[in-house]
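Colleague: Line by line, the protein sequences are chains L and C. Going by this note's numbering, the first sequence opens with residue 7, and the numbers climb by one from there. Going by this note's numbering, the second sequence opens with residue 77, and the numbers climb by one from there. Even for Gly, the Cβ is constructed at its ideal location relative to N, Cα and C. Computed from a predicted model, the values in this text were never measured in an experiment.
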Amino acid sequence: MTTSKNNYLYGLIAFVVMIVINFALWRLFFAPTNGVFKLFTPMYGFSLVACYFYSVILVADIFGYKNDTGNLGKGVGALIGSIAVFYLIYYVFFWNILGKFGVTYFSPQALIATGGTGLEIWNARENSSLAILYVVTALIWVSVIWNAGLGNSPWDGLKQSAIGISKFFATAFIGIIFYAIFFHPNVTSLFLPKQIFAGVEPWWAETAMTASSFYHLGWMFAGLFLIMFLVDCVDGFPFNLFNNEESSGSWIGGLVALAIAVVGGYVFMYIAEAIMNYYWYEPFTGGNYTDDPRFRHLHVAEIAAFFMLALLIVKVFFNNVFQSDNKWLAGVVRFVVVVAVGMLVYWFYYSEVPGPKFVDRVPGIGNIDATSLCWTIMSLALIMVYDKFFKASLMGK
Amino acid sequence: MKRRNFLKAMGATAAGVGAAATIGAPTKAFARKKEDIGECKSLKITVLTETSWFDNDQFKKDIVDNGGASTNQYDIPWDPKNAGGYATLLEIEQLDGTVNKLLMDTGWSNEWMDYVYDRHGIDKMIESGEIDTMVLTHWHLDHFWGIESTLKHNDKIKIYGPETMYPEDEKLLYGGKNEAKGVVINKNDVPFKGELVKTNSKQFYKLYPGVAIKEFDVPILLRVRGENVVYVNVKGKGIVTVTGCCHPGLLTLYSTARRQIKGGDKIYGCYGGLHISLFENWDPKMDDIIKGAKAFNPVKMGCNHCTGWVWAENAAKAGLPIVKGTNEYKNYPRQSSVAKDTNVFLTNGDTVVF
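Here's what the structure looks like:
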């Protein structure tokens, strides 16, 4: 993309329009007190936006259906397609096929029908939503890593539809394994008695000081941010070092992406939690709000998501801000900018007045029921829709 | 493997940065001076009413139908037939034998609260000035909307309430009514004329020797913010927490006592709603609380209201010292739909002494 003053001006206008759309969508679907549908309950709304986010990734990055031709109709088609995919995944597949004919906990109706302890419409829907959220988190995580390291490899050269189907099944297969190991034990512990024959006791409980899979949400989101930064702000370094002329990625690149996502994610989590420990003391098992290890882990994911949001704002609307032939310098400056903008969004969200007014929340920090992830992921999805389906048309490419 | 060690193993760089962040300066834990709230001889709790609502399913339905847990309590046309209330009488015996009486919360339905006050003689205690102070734990409907039942016996009673009140709370307190979707959901015909001490989280509010209020500024469901907790330091025994709903979390309360109250190292027990399994469901978090509570070695745990019978039963099974209630609640005209014969709750009419 060539850079001119107009690029930044148009970017700024698009950004402002995006804020207005963001506000309107949040008020329409999620805002808990002043909204219309009030879907942020919290897990139901959270899982809905995560599933839609995955649908956009599926359409644009897995099946490669992006609008880079400036054809507005194609963009609208992609948008409708992503909504249809979302609906199929969430309501048709999880609620009415898998939940009713396979794994009970994916369907609120199926859970209610069991008559188990506490399983009425609210708890049942929250439990199902948590399970779906965990599955799509694993799918998003694997998909982003695959795209970063492997690209379309090893199917480069095939028709786009064949590549899409192949990548979908490959990422879904790996994603389900990650789900089973990192999240399924949490879901099976949501019931009384615990479903110990269906899932092991959460094996991370001692390490994480909680049986909750928010622990994994923390490092996975942190890893996602790092991968997204490397792809979007550093042109795919270091994964691109392993590509050859015919391929868009490689197995080694994929392994490097996986290693960075895991190790980098843990390092990010360690640093973030060390800072939290400084401000809020050490958390302890069974604590609430900022004392709660679950919240600390979730907050790592929240911070990473704020950074992801900052990253997309900087990249999509402001062309990564800083251009230089020196890629290292550009990378460092962009990282600083992304972190600074991320902290600004963090400050906005947790401020006493403007943030709570914008997202319709009670001021304060540490309330898991008011996690910022629902709003940030909705915002990420919105920007991705603009970037992948409409930007080329609206910017007159 | 311990969590810290595991994480440290993830990278030397992170360890360095982390160490710089955590070791570079003393944490606030060491910098803060401990508060001396004094000591009392004993604390007697009478459960005036812990049945804030009678039908759990109806209460949940009202919330779900109107937007879920984070919606505004003043926007929900609650089923009036389901309204009960939460209120507790604290009798604090001082070291010299003097007994101070303190009212905690004022329930939801005026009809129910009038009955409860009459049954326990609270109306006369308020009228005579025997009870001259009420601690309002938080601004939730089931703790506050029955305010008229208290004010009609003394409109100048001193009230401690979290400073994070909303205009609707103020309207009700000073005489008025609120409507949701055209339905009157609360009313108060006796305007408050006394002193409202708006509590904040920066300080302890000492009421009597051994008794202090601490406000926790936390966001709470139904668009409420902040909760007052009463800390009682019983001589020779230790700290007892008395709560309305305990939204900040029991272990956070204990931990705060350890950090901030002189003598707070010794935890004796608790009374009140513990806000764990409000809707009788289960979550790994509830296992965490059982495990974490054991680490504080409490001696006597009285719980009810939003604790969840299912949690109290499992906590008792796991060895926590849950104080069993009696069948006295069956003599009240209405009972909670979730009450069970296991009696792991201190229910309406029960007492416990710390």
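From I261/C to M384/L, what distance separates their C-alpha atoms?
Modeller: On the second sequence, residue 261/C is found 185 positions in, with the first residue counted as 1. On the first sequence, residue 384/L is found 378 positions in, with the first residue counted as 1. In a straight line, the C-alpha of I261/C is about 34 Å away from that of M384/L.
Colleague: Counting only Cβ-Cβ distances shorter than 8 Å, please list the residues of the stretch 327-353 of chain C near chain L, keeping chain order.
Modeller: Flagged, chain order: L327, T328, S331, R335 and S353.
Colleague: Where does the unbroken alpha helix (DSSP H) through Y285/L begin, and where does it stop?
Modeller: Numbered from 1 along the first sequence, position 279 holds the residue referred to as residue 285/L. It spans G271 to W286 - the alpha helix (DSSP H) in which Y285/L sits, taken as one unbroken run.
Colleague: Could you pull out every unbroken alpha helix (DSSP H) segment of at least 4 residues lying fully inside the stretch 141-191 of chain L, listed in chain order?
Modeller: Whole alpha helix (DSSP H) segments, 4+ residues: 166-188.
Colleague: The stretch 123-137 of chain L: which residues have C-beta closer than 7 Å to a C-beta of chain C, in chain order?
Modeller: Those residues of the stretch 123-137 of chain L that come within reach of chain C (Cβ to Cβ, closer than 7 Å) are T123, G124, E126, I127, W128 and N129.
Colleague: Between the stretch 178-198 of chain L and the stretch 283-293 of chain L, are three or more C-beta pairs nearer than 8 Å?
Modeller: Output reads no: the stretch 283-293 of chain L does not touch the stretch 178-198 of chain L.
Colleague: Just to confirm the assignment, what range does the beta strand (DSSP E) spanning P369/L have?
Modeller: Walking along the first sequence from the start, residue 369/L turns up at place 363. That residue, P369/L, is in no beta strand (DSSP E); it is neither H nor E in DSSP.
Colleague: Ends of the beta strand (DSSP E) at R301/C?
Modeller: For the purposes of this step, residue 301/C is taken as the residue at position 225 of the second sequence. First-last of the beta strand (DSSP E) with R301/C: V300 to V310.
Colleague: Any idea what DSSP makes of A130/L, helix, strand or coil?
Modeller: To locate residue 130/L, count along the first sequence from 1; it is residue 124. DSSP places A130/L in helix when its eight states are reduced to three.
Colleague: Say whether chain L places a C-beta atom closer than 7 Å to the C-beta of G87/C.
Modeller: In the second sequence, residue 87/C corresponds to position 11, counting from 1. Note that G87/C has pLDDT 43, beneath the 50 cutoff, so the model's placement of it is unreliable and no number is given.
Colleague: Are the CB atoms of L230/L and G181/L within a distance shorter than 7 Å?
Modeller: On the first sequence, position 175 is the one that residue 181/L refers to. On the first sequence, position 224 is the one that residue 230/L refers to. Against a cut-off of 7 Å, the Cβ pair of L230/L and G181/L comes out as no contact.
Colleague: In whole angstroms, what separates the C-alpha of T382/L from that of Y150/C?
Modeller: Sequence index remark: in the first sequence, residue 382/L carries index 376 (1-based). Sequence index remark: in the second sequence, residue 150/C carries index 74 (1-based). Roughly 28 Å between the two C-alpha positions.
Colleague: For chain L, is any of its Cβ atoms less than 7 Å away from the one on A97/C?
Modeller: Translated into the one-based positions of the second sequence, residue 97/C becomes position 21. Any reading at A97/C must be qualified, since the residue scores a pLDDT of 40, below 50, and its modelled position is unreliable; no value is offered.
Colleague: Please confirm if N13/L has its CB atom under 7 Å from at least one CB of chain C.
Modeller: Start at 1 with the first residue of the first sequence, and residue 13/L comes out as number 7. No - not a single Cβ of chain C is within 7 Å of the one on N13/L.
Colleague: Look up W188/C in the DSSP assignment and say whether it is helix, strand or coil.
Modeller: Indexing the second sequence from 1 puts residue 188/C at position 112. Helix at W188/C.
Colleague: Do you know whose CA, among V62/L, F92/L, V262/L and I138/L, lies nearest Y50/L's CA?
Modeller: What you label residue 50/L is simply residue 44 of the first sequence in a count that begins at 1. Of the listed residues, the one whose Cα sits closest to Y50/L is I138/L.
Colleague: Curious, which full-length beta strand (DSSP E) runs of at least 3 residues does the stretch 238-284 of chain C contain?
Modeller: If we require 3 residues or more, the beta strand (DSSP E) runs fully inside the stretch 238-284 of chain C come out as 252-256, 259-264, 272-275 and 280-284.
Colleague: Per DSSP, which one or two residues make a beta bridge with C379/C?
Modeller: Here residue 379/C refers to the residue found at position 303 of the second sequence. In DSSP, C379/C forms a bridge with G348/C.
Colleague: Only counting the same chain, and skipping five residues up and downstream in sequence, which positions put a Cβ closer than 7 Å to that of V420/C?
Modeller: Here residue 420/C refers to the residue found at position 344 of the second sequence. So the list reads W385, A388, E389, A392, I398 and K400, once near-sequence residues are dropped.
Colleague: Are there 16 or more other CB atoms within 10 angstroms of the CB of L164/L, so buried, or fewer, so exposed?
Modeller: Within the first sequence, the letter at position 158 stands for residue 164/L. So L164/L counts as exposed.
Colleague: Report yes or no: do three or more beta-carbon pairs, one from the stretch 268-281 of chain L and one from the stretch 334-349 of chain L, lie closer than 8 Å?
Modeller: The stretch 268-281 of chain L vs the stretch 334-349 of chain L: no contact.
Colleague: Pick from Y284/C, A415/C and P238/C: whose alpha carbon is nearest that of H381/C?
Modeller: In the second sequence, counting from the first residue as 1, residue 381/C sits at position 305. Ranking the options by Cα distance to H381/C, first place goes to A415/C.
Colleague: Three or more C-beta pairs closer than 8 Å, one from the stretch 357-364 of chain C and one from the stretch 311-321 of chain L: is that the case here?
Modeller: Output reads no: the stretch 311-321 of chain L does not touch the stretch 357-364 of chain C.
Colleague: Quick one: is K104/C buried, meaning 16 or more other Cβ sit within 10 Å of its Cβ, or exposed?
Modeller: On the second sequence, position 28 is the one that residue 104/C refers to. Its pLDDT being 47, under 50, K104/C is placed unreliably by the model, and the measurement read from it follows with that caveat. Exposed, by the Cβ-count rule.
Colleague: According to DSSP, which residues form a beta bridge with S118/C?
Modeller: The count along the second sequence starts at 1 and reaches residue 118/C at position 42. In the DSSP output, where bridge partners are listed per residue, S118/C has E169/C.
Colleague: If G259/L sits next to N249/L, beta carbons under 8 Å apart, how far is it from one beta carbon to the other, in whole angstroms?
Modeller: Sequence index remark: in the first sequence, residue 259/L carries index 253 (1-based). Sequence index remark: in the first sequence, residue 249/L carries index 243 (1-based). Their Cβ separation, rounded to whole angstroms, is 7 Å, which keeps G259/L and N249/L in contact under 8 Å.
Colleague: Would you kindly work out how many angstroms separate the C-alpha atoms of T98/C and G224/L, rounded to a whole number?
Modeller: Translated into positions along the second sequence, residue 98/C becomes position 22. Translated into positions along the first sequence, residue 224/L becomes position 218. Residue placement at T98/C cannot be trusted, given a pLDDT of 39 that sits under 50; what the coordinates show is reported in the next sentence. C-alpha separation (whole angstroms): 20 Å.
Colleague: Is it buried or exposed, I183/L, if we count other Cβ atoms within 10 angstroms and call 16 or more buried?
Modeller: Looking up residue 183/L in the first sequence gives position 177. With fewer than 16 Cβ atoms within 10 Å of its Cβ, I183/L is classed as exposed.
Colleague: Can you check whether the C-beta of A217/L is within less than 7 Å of a C-beta belonging to chain C?
Modeller: Counting from 1 along the first sequence, the entry for residue 217/L is found at position 211. True, the Cβ-Cβ gap to chain C drops below 7 Å.
Colleague: Which partner residues of V123/C appear in the DSSP bridge assignment?
Modeller: As a working note, residue 123/C is residue 47 in the second sequence. For V123/C, which the question treats as bridged, DSSP gives the partners T164/C.
Colleague: Thinking M180/C and V140/C are a contact (beta carbons under 8 Å), I'd like their distance in whole angstroms, please.
Modeller: Within the second sequence, residue 180/C is the residue found at index 104, counting from 1. Within the second sequence, residue 140/C is the residue found at index 64, counting from 1. With 8 Å as the limit, M180/C and V140/C do not qualify as a contact, their Cβ atoms being about 29 Å apart.
Colleague: Let me know if G258/C comes out buried or exposed under the rule of 16 or more other beta-carbons within 10 Å of its beta-carbon.
Modeller: Locating residue 258/C in the second sequence gives position 182, where the first residue counts as 1. Exposed, by the Cβ-count rule.
Colleague: Pick out whichever of M390/L, V55/L, G122/L and H305/L has its Cα sitting closest to the Cα of L198/L.
Modeller: Position 192 of the first sequence, counted from the first residue, corresponds to residue 198/L. For the residues M390/L, V55/L, G122/L and H305/L, the minimum Cα distance to L198/L belongs to G122/L.
Colleague: Helix or strand or just coil, what does DSSP make of W209/L?
Modeller: Here residue 209/L refers to the residue found at position 203 of the first sequence. W209/L: coil per DSSP, three-state reduction.
Colleague: Helix, strand or coil for V327/L, going by three-state DSSP, please let me know.
Modeller: In the first sequence, the residue the question calls residue 327/L occupies position 321. Correct three-state label for V327/L: coil.
Colleague: On the premise that C380/L lies in contact with P48/L, defined as a C-beta separation below 8 Å, what is that separation, rounded to the nearest angstrom?
Modeller: For the purposes of this step, residue 48/L is taken as residue 42 along the first sequence, with counting starting at 1. For the purposes of this step, residue 380/L is taken as residue 374 along the first sequence, with counting starting at 1. Right, their Cβ atoms sit about 6 Å apart.
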